[in-house]
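This report concerns only the one structure given below.
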Amino acid sequence: MHGEYKVRGGKLVAVDVTAQDGRIASAHVFGDFFLEPDEALEDLNAALEGMATDATAAELGAAITDRLAALPEPVQMIGFDAEAVAIAVRRALGHASSWDDLTFDVIPPVVLPPVMHVALDEVLPKEVIAGRRRPHFRIWDWDSSLVVIGSYQSLRNEIDTEGAAKHDIGVVRRITGGGAMFMEQGNCITYSLVVPTSLVEGLSFEQAYAYLDDWVMGALAEIGVKAHYVPLNDIASEQGKIGGAAQRRFAGGVLLHHVTMSYDIDADKMGEVLRIGREKLSDKGTRSANKRVDPMRSQTGLAREQIIEGFLEYFRARYDTVDSSYTEDELAKARELVETKFGTEEWTARVP
């Protein structure tokens, strides 16, 4: 059985394993990493032999770390670590998946009320759990203005009701944590990615964020934006913050990961609608709301539609994909959730 894991910003780790009676009978680790001393590779393999085939990534990693720590000469693992080996082993044993194992539905932008997209982020993961929908990548588009607040944010702490009324901007609460998304037509780019949680098997929450957005770093580079991840969930460039991510893990073994990146936000209007606290601004290293985001328009000179098409093309080229669209049943379920949950005051003000 064969498994691979590419360390983000590091090297490829691969492993061939055999199993017998619920135990790893043999393991051979290889890749383009660096390891000193050379003889430590034999100990790395030996650390895995005899481990239970259902051992967690943490247990496998601990066995490797303990074995190498007991050697008389210090071991240097360069470009990889014990955790990376453990993830590769879990993939080989069928407990974890890789991007290459998946075929994604790709749903291009469809103009809907933004609250419908919020509802679809609950509907579609459940469709994946039920086997009616593949893992998927979709880009939002919308026809009205809305602020989407995080699941645990205080409504009155985040929203200036007078400012929202002045600009006719509604508010809805999403199912993921994180901060507020200021969404006017054409002012940002938002996408949702729904994958099996096995894809991030063995990764910490912080690592899972960066891992699931690794593709978009390449897509941004192709349009001239040098981006990097700022833990826990921010995407930034040399000129400043571009956007942020949020996640929700469902009991059925599916993970929702979505990202909003600013394109051409009216920062003055945003400042009138959102209550951006001094502590938050200080944490971002700025004094003014106008400086908190750095729209992609100013960095690329490209139309929003061109950037979206570039994202779609890059994702299709990198992964196995099938073009798709929303089904009538999915849209009907989303409309029902808007009526019974996302469009209700009870849900929106659940954290007053």
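For the sequence shown, position 335 (counting from the first letter as 1) is numbered 382 according to my numbering, and the numbering increases by one without interruption.
Virtual Cβ for every residue (Gly too), placed ideally from N, Cα, C.
Treat the numbers as computed from the prediction; the structure is a model and nothing was measured.
PHE127 is the residue among ALA298, ASP315, PHE127, THR374 whose C-alpha sits nearest the C-alpha of ALA61.
Relative to GLU383, the option among SER144, TRP146, VAL162 whose CA is nearest is VAL162.
In summary, VAL369 is exposed, with fewer than 16 beta-carbon neighbours lying within 10 Å of its beta-carbon over all protein chains present. Counting the other Cβ atoms within 10 Å of the Cβ of HIS305 gives 16 or more, which makes it buried. ARG221 sits in coil when the DSSP states are folded into three classes, being neither helix nor strand. DSSP places GLN232 in the coil class of the three-state scheme, outside both helix and strand. The criterion of a C-beta distance shorter than 8 Å is satisfied by ILE196 and ALA227. Cβ atoms of VAL241 and HIS183 come within 8 Å of each other, at about 5 Å. With a contact defined as Cβ atoms closer than 8 Å, ILE186 and CYS235 miss out at about 11 Å. Taking 8 Å as the cut-off, the beta carbon of GLY50 is found closer than this to the beta carbon of ALA139. For the set PHE358, MET317, TYR373, the Cα lying nearest the Cα of HIS214 is the one of MET317.
Membership of GLN294 in the beta strand (DSSP E) is indicated by the continuous run 287–297. Between THR100 and ARG70, the C-beta spacing is below 8 Å. Burial is judged here by how many other beta carbons sit within 10 angstroms of a residue's own beta carbon; ASN92 has at least 16 and is buried. Excluding sequence positions up to five before and after ASP68, its CB lies less than 7 Å from no other CB in the same chain. With a contact defined as Cβ atoms closer than 8 Å, GLU130 and ALA104 qualify at about 7 Å. Residue environment: VAL170 is assigned as buried (16 or more neighbouring CB atoms within 10 Å of its CB, all protein chains considered). A contact is defined here as three or more CB-CB pairs under 8 Å, and the stretch 202–212 fails this definition with respect to the stretch 372–382. Annotated as proximal: SER309 and MET343, with beta-carbon spacing under 8 Å.
Cβ-Cβ separation between VAL219 and THR395: approximately 6 Å, consistent with a contact (criterion under 8 Å). Looking at ALA109, LEU107, GLY300, the one whose alpha-carbon comes closest to that of ALA177 is GLY300. Between the stretch 83–97 and the stretch 117–125, the count of Cβ pairs shorter than 8 Å is three or higher; the stretches touch. Under the DSSP assignment, ILE355 falls in the alpha helix (DSSP H) whose first and last residues are 351–365.
Taken in chain order, the complete beta strand (DSSP E) segments of 3 residues or longer contained in the stretch 131–212 are 150–159, 183–189, 193–196. Under the 10 Å beta carbon count, ILE222 is surrounded by 16 or more other beta carbons and is classified as buried. By a beta-carbon distance limit of 8 Å, GLY271 does not contact ASP281. Their separation comes to about 20 Å.
In the DSSP assignment, the residues bridged to PRO243 are VAL301. Of VAL247, GLU375, GLN232, the smallest CA-CA separation from TRP189 is found for GLN232.
Ranked by Cα distance from LEU88, the options ALA66, ALA72, ARG114 are led by ARG114.
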